Amino acid sequence: MALLTTEQEALLASLERVWQQHLGATSAKDATTAFSKAPMSLKNYYASHVSTASATAPLLPPAVDAFHQRAVACVNASNAVVEHTQASLGLLQEMEDRHASVVALTGALYESFETLLHELDALEGKLKAMSTPLPYFTRISSLAKSLGSHIDFSSKPDASVHVHVRPYTFGTIDPTAPAFTEAIRVIDECTGYLQEHMEFKDTEMYLAAYNQLLLHASHCLKDYAIAALESAKDHVAAANSKRTVHADILDPASTYYAQFQVAAPACQAIAKHLEQRTVTPGSEQFMLDVLDAYVGQRVALLLPAVTTHLHALDGSTSDLVHVLRVGCQFLVRMCQAEHTLFTNMFGAPPSASIFASTPLYEDDDDDDVAADELDGNAFQRLVLQLCYPLYQCIRPRMIHEQDLEILCESIEVLRSEIMEAQIRPRGVATEVLEAAIERMVGDAQERLILCTQKFIRDEIEGFYPSPSDLDYPAKLQATSVYATWYPTLEHTLMCLSKVYRYLHMHIFTELAQDAVSICTASLKMAAADLTAQKGPCDGGLFLVKHLLTLRERITPFDIQFSITEKSLDFTSTTDAMGNVLSDAFSLSLDNSVLGLLTHGIPHVNTTTSDVKKDLEHELKKACTTFIEFGLLMAARPLSTLLRKAQVAKALPPLRRLAECRCRNLAHRLL
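Under the numbering used here, the sequence shown has 318 at position 318, and the numbering climbs by one with no breaks.
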């Protein structure tokens, strides 16, 4: 229905007002209006009287009739709108029903898509689960090719070995190439995965094949490193053969070191391979073989040059200390240069754990370095063998050296100038030299002990004094205090003071005890000779003075002069064995066999002697003897006078005079 215009709305409102005025002027006669107290509207009135208006209503004004016509038209239009609305609602309901059907179909289709997607994901997961382990099995052929090997698969179902790795062909691949390293890394990855999934079929077989590949790779790295070392050695030997004048062998730029840098990648490759990966059992021997080859090549190159250099030094001077000093300094430089080369060659210092399991170096020559010095890693074996030429030069000189001062100075040089000043400040680079230096120190100490014993035997115990040695008290007028000493005392104190700092304390203690004991005996013998020549006074003073000096001079030595010796007493055993022959078969309680078992055990006798106490005892004894002699000499005039007085006793007139003089003399003496 069309909407009313503004004019129509205004006309309708005016008619409504006119109609309301008309109703107010007339009274209502119709019974239908009795129930409503409010005035009836035009619309209600028209609805109630429309059926009778046509028959009974009077003619209306034209304006009202026109309004009526328009109202009827509006009603018809409204009815048409209602019908159209109802038709639209029907169409809308139909659309809603169709939409619900479409939604239901779409939901079913979406659910089917979801089901298909889940099934697709499940299939892809199964495919991934099936395809994930396959590369760890299928890569073996390509990995074997990268390592220079070949894989053979057995087609026989009953074969004990289904995968066989052919040995590689050396020279066809470069073990230092990145592809070789990457292949080993992938093998480690495959091996680790298969070890975590032992439930897969043929896992053990492929693990064995991968381990064989690793073993072949280790073989390849080992042979490549050894070949590189041999090639470096050959180049050095060829270069040296063309030279008439040899350069400094310790120069880093010399062929002895520059050529070996070429072999460093090969040595570093096997060291890194064995250090970063857990390889099959028995492969640890590969590193040992490479180290043995390295030590052998370096020794073969350096030993002749080092021997020539040290022999030239040995022949240039007769000074043992100079040879020791210069030779050891040369060894320190060589050790540091070798340590630097070793670290560059293998990418790790000699103290690294990968080099710690090196076994003893086997040497068939009994004259070479002792086996106990070859314990440790390869670098230590190398240095000790290169130190042996110096040991060969020094040892004969030490064996023939008899001068205590030179031997003591040699020990001082080895300890202070070499060990403390040069080896230890350099740390791990030269610490392996300590064993060689300690052996030289031990040889020097051994020779020093023998020379000290010989010195004590010859210069103290076997000393025979000359008349000038016993010229006391004239010797006491000398300006030097040492010149006033008896030679054996001077020799004893000089010997002990020299060797005190260069021998082990227990050895020095034994030597000091022997020296002091022998010196005391020699002083007693000299005192006896002096007493026989010049009287007890000079002899007693000589002995007391020298024993006091000896006691005073040995006090600074911080040692114990007491000796505890244990010995076995076989007296009871000998007696029991003697009775066995005479009473062996007796069954009595006094049977000699039973006696041997019960009383034949030897006894341990413990004897303690203190040289210092013996010295104190001799000093006390000498002092007592001298005091007694002094008293005797002081009382000799009185004794003479008393004898004269006793002779003159018979003369009465002179008795009182003698007694008076005796009292005066006794008073002066006291």
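Even glycine gets a Cβ: it sits at the ideal position worked out from N, Cα and C. None of the values given here were measured: they were computed from a predicted structure.
query                                                                                                                 : result
Residues of its chain near A263, where Cβ-Cβ distance is below 8 Å and the 5 sequence neighbours each way are ignored : A225, A228, L229, S231, A232 and M345
Within 8 Å, strictly: CB atoms of L384 and A436                                                                       : yes
Proximity to R553 [Cα-Cα], best of E111, M525, V516 and F542                                                          : V516
Length-filtered (4 minimum) alpha helix (DSSP H) runs lying within the segment 287-354                                : 320-346
Contact under 8 Å by Cβ, P487 with F463                                                                               : yes
Close-in-space but distant-in-sequence residues of the same chain around K475 (CB under 6 Å, 5 per side omitted)      : T484
C-alpha distance - R17 paired with G90, whole-angstrom precision                                                      : 41 Å
With 16 other Cβ atoms within 10 Å as the buried cut-off, status of S410                                              : buried
Distance between beta carbons of L489 and Q445, contact taken as under 8 Å                                            : Not really, about 25 Å apart at Cβ, beyond 8 Å.
When R457, H400, Q336 and Y482 are compared against R424, the one with the closest alpha-carbon                       : Q336
M198, DSSP secondary structure in three states                                                                        : coil
Range covered by the alpha helix (DSSP H) that runs through F379                                                      : A378 to H400
Stretch pair the segment 300-320 + the segment 377-392: three plus CB contacts closer than 8 Å                        : yes
Supposed contact pair A271 and I140 - C-beta distance, whole angstroms, cut 8 Å                                       : Wrong, their Cβ atoms sit about 26 Å apart, outside the cutoff.
Alpha-carbon to alpha-carbon, A80 and E9                                                                              : 21 Å
Cβ contact check for the segment 185-204 and the segment 250-269: 3 or more pairs under 8 Å                           : no
Burial state of G676 (16 or more Cβ within 10 Å)                                                                      : Shown here, the chain extends from 1 to 670; a query on residue 676 therefore has no answer.
Three-state secondary structure assigned by DSSP to L215                                                              : helix
Where N664 falls, given that 16 or more other Cβ within 10 Å makes a residue buried                                   : exposed
Burial state of G540, where buried means 16 or more other Cβ atoms lie within 10 Å                                    : buried
Rounded separation between E412 and E510 - CA only                                                                    : 22 Å
Straight-line Cα distance separating Q86 from A77                                                                     : 14 Å
From R415, I456 and D458, residue whose alpha carbon lies closest to that of G442                                     : R415
Identity of the residue in S131, R333, F180 and P304 nearest A237 by Cα                                               : P304
Three-way DSSP call (helix, strand, coil) for V64 in this model                                                       : helix
Status (buried if at least 16 other CB within 10 Å, exposed otherwise) for E338                                       : buried
C-beta atoms of T531 and C495 nearer than 8 Å                                                                         : no
Collapsed DSSP secondary structure at Q646 in the structure displayed                                                 : helix
Spatial neighbours of V332 in its chain, beta-carbon cut-off 8 Å, leaving aside the 5 residues before and after       : I418, Q422, I423, R426, T430 and L433
H99 versus E111 - alpha carbon distance                                                                               : 18 Å
Option nearest P465 by Cα separation, candidates A526, I456, M440 and Q513                                            : A526
Sub-8 Å separation of F330 and F379 beta-carbons                                                                      : no
C-alpha gap between E204 and E284, whole angstroms                                                                    : 23 Å
Among N211, Y206, A209 and D174, nearest to L221 - alpha-carbon criterion                                             : D174
Counted within 10 angstroms of its Cβ, other Cβ atoms place T6 as buried (16 or more) or exposed                      : exposed
Contacting residues, own chain, Cβ-Cβ under 8 Å from T317 (five flanking each side not counted)                       : V323
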